[in-house]
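For reference, each letter of the sequence shown is one residue, going 714 to 1230 in the numbering used here. In what follows, a structure is listed as structure tokens, so that the remarks can point back to it.
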Amino acid sequence: MKDQTAMNGAESLVRSLSAGGVEVCFANPGTSEMQFVDALDRTRLMRCVLGLFEGVVSGAADGYARMAGKPAVTLLHLAPGLANAGANLHNAKKARSPMLNIVGNHTLRHLRYDAPLTADVPATASVFSDWVRTAQTADTIARDAIEGLAVATGHPGRIATLIAPADIGWQEGGVIAPPMQPHGPRALDPQVIARAVSALGPDALILCGGTVLEDPASTRLLAGIARQTGAKLMAPGSNRRIERGAGRANIPRIPYPIDMAIEQLAPFRRAVLIEAQPPVAFFAYPNRPSLLLPEACEVIQLAEFDQDGRAAVQALADSIGAKSARLTDPSRAEIPQAGPLQDLALSAAIASALPEGAIIIDESLTSANQVDSMSAGAPPHSWLSITGGAIGIGPPLSAGAAVACPDRPVIALQADGSAMYTLQALWTQAREGLNVTTIIFANKSYDLLKHELFKVGANPGPDALNLLDLRRPELDFISLAAGMGVPGRRVDCAAELHRTLSDAVIEPGPFLIEAIL
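Next up, the structure:
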């Protein structure tokens, strides 16, 4: 008689990860992962969310991690499936979001025959991962997964990838592995703290990122430090998550355009960095520097990414006797009058409609550029940015954030061209009943690339501009959304956009607004 307590490797992995706190699996599995699909079904220990493309899976896991503060598991199919997930794994790695990828592979005996899907999975994983391992036996695969989970959940968050050969998953002999304590942040250096304290003054910049921006108490304290010393407080242009709105510190971000960034950073002679790197231009341009701070600026790295930025802020405050800043009262952007969706009216329509607790997903790129400044006094909200520059993160990031926070409305500010990279995420939003309102900025072009074309000194002709144009035929986002079960409305008036967004965020389920610019 078969031992009813016997487990295969796949089941031991699922049970161990569940005991370690993993609650969600975002998946796009194939044949080599069927034993894991079966284990997820039999144990019913995780919520399983299907993405129709691997880039949706990885982007959703990123959004979940940013809002839940812990990793989900992804289930991906061999090297090609992992490669499809790569762009948003890149974004997640730059965000330092915790994530554990389970990537199926051929059985160990099958690899030598070079079947069509055979490829170098470890090499593919290494590009997008901080930790990679291939499981070797059914009785150790769960322990491998728990070690990967510990790596992923260590400060500040990492991407771990476990490669799971199919036979290791289906073989019996699985053993549940106990949870493993992740590594905490590396200790701060008292001498560096003293240097940072002495550097503070009117010509100093405090550049903070990472976990600091997720903690309103730390940013209020930073605002108090800046107010007391005269130092300027800024954040990187792209961040994993910022807690913003009324009662919270309003920290300006370094602008994306290189000339604007150089101009804003030019006055500083000292820079104190807290979970941030020295600001760098997104790209190299003729006759422009790569590093944006003045060449003579002294850079003091108070807290690296693997150190505790919040403790660093507290140490600065304690050293100078600073208190949390008294912040401004709530304020609302004025509701715009009826009229075309020019940037000011477009931004006002969105900022004036933000509800309390909203999660803003920002892949707006060149549109609605003033929502950020106009929403500084809006009800408290979270702001998630594209971190690695790989476009196509907005729809899946929205889905993952909504899975993590089902009681909070998610508003995606989405450029039209980049939306087409991962539009399949709308189907996942509909299937899961997620409260995501996506605003598509339909300027019908890769507008950001038009700006970049001129920045490099090009004098483009019709063929060059044609490569950046999204007409002929024009994209119909309302029809595309409807085909995936998401209702929508097309608007070309600022007042109508405000009304439509205000209504959509209080309704359950996803909705799409195509804003004609």
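Backbone N, C-alpha and C define an ideal beta-carbon position, used for all residues, glycine too.
Going straight from the alpha carbon of residue i to that of residue j, what length do you get?
i	j	result
residue 1193	residue 1149	16 Å
residue 1177	residue 1127	24 Å
residue 773	residue 765	12 Å
residue 803	residue 1095	22 Å
residue 1234	residue 1137	Here the chain covers residues 714 to 1230 and nothing more, so residue 1234 does not appear.
residue 1079	residue 1161	6 Å
residue 912	residue 983	6 Å
residue 896	residue 964	30 Å
residue 1086	residue 853	52 Å
residue 1066	residue 1043	14 Å
residue 1051	residue 865	48 Å
residue 816	residue 1206	46 Å
residue 1015	residue 914	16 Å
Going by CA-CA distance only, name the one from the options that's closest to residue i.
i	options	result
residue 1215	1063, 911, 934, 1021	1063
residue 1048	723, 1211, 1188, 802	1211
residue 752	1058, 1001, 855	855
residue 955	1027, 979, 930	930
residue 1121	1068, 1145, 1108	1068
residue 875	837, 732, 992	837
residue 994	1101, 1144, 904	1101
residue 767	788, 1181, 1139, 879	788
residue 923	1074, 986, 877, 880	986
residue 1112	1104, 1135, 1091, 1103	1135
residue 999	1171, 1226, 739	1171
residue 1197	1225, 1187, 1035	1225
residue 1055	899, 1001, 928, 1208	1208
residue 1057	1103, 758, 1230	1230
residue 1219	937, 1119, 805, 1003	1119
Would residue i and residue j qualify as a contact pair, given that the criterion is a beta-carbon distance under 7 Å?
i	j	result
residue 967	residue 947	yes
residue 813	residue 861	yes
residue 1030	residue 1060	no
residue 1076	residue 1124	no
residue 693	residue 1089	With the chain running from 714 to 1230 in the structure shown, residue 693 is simply not present.
residue 1195	residue 1147	no
residue 884	residue 848	no
residue 1071	residue 781	no
residue 1143	residue 1223	yes
residue 725	residue 887	yes
residue 1213	residue 1204	yes
Please state the DSSP three-state secondary structure of residue i.
i	result
residue 1172	coil
residue 1199	coil
residue 739	strand
residue 994	coil
residue 896	coil
residue 717	With a pLDDT of only 44 at residue 717, under 50, the local geometry of the prediction cannot be trusted, and the value read off the model is given with reservation. Residue 717: coil per DSSP, three-state reduction.
residue 733	coil
residue 1224	strand
residue 1102	coil
residue 975	helix
residue 818	strand
residue 1085	helix
residue 749	helix
residue 780	helix
residue 832	coil
Hey, is residue i's beta-carbon within less than 7 Å of any beta-carbon in chain B?
i	result
residue 1183	Considering every chain present, this structure includes no chain B. It has just one protein chain.
Count the other C-beta atoms from every protein chain shown that fall within 10 angstroms of the C-beta of residue i, then say buried if there are 16 or more, exposed otherwise.
i	result
residue 715	In this prediction, residue 715 scores a pLDDT of 40, lower than 50, which makes its location untrustworthy; the coordinate-derived value is nonetheless stated afterwards. Residue 715 comes out exposed.
residue 1228	buried
residue 717	Bear in mind that a pLDDT of 44 at residue 717, under 50, signals an unreliable position, so the number given afterwards is only what the model happens to contain. Classification for residue 717: exposed.
residue 996	exposed
residue 1179	exposed
residue 991	exposed
residue 1169	exposed
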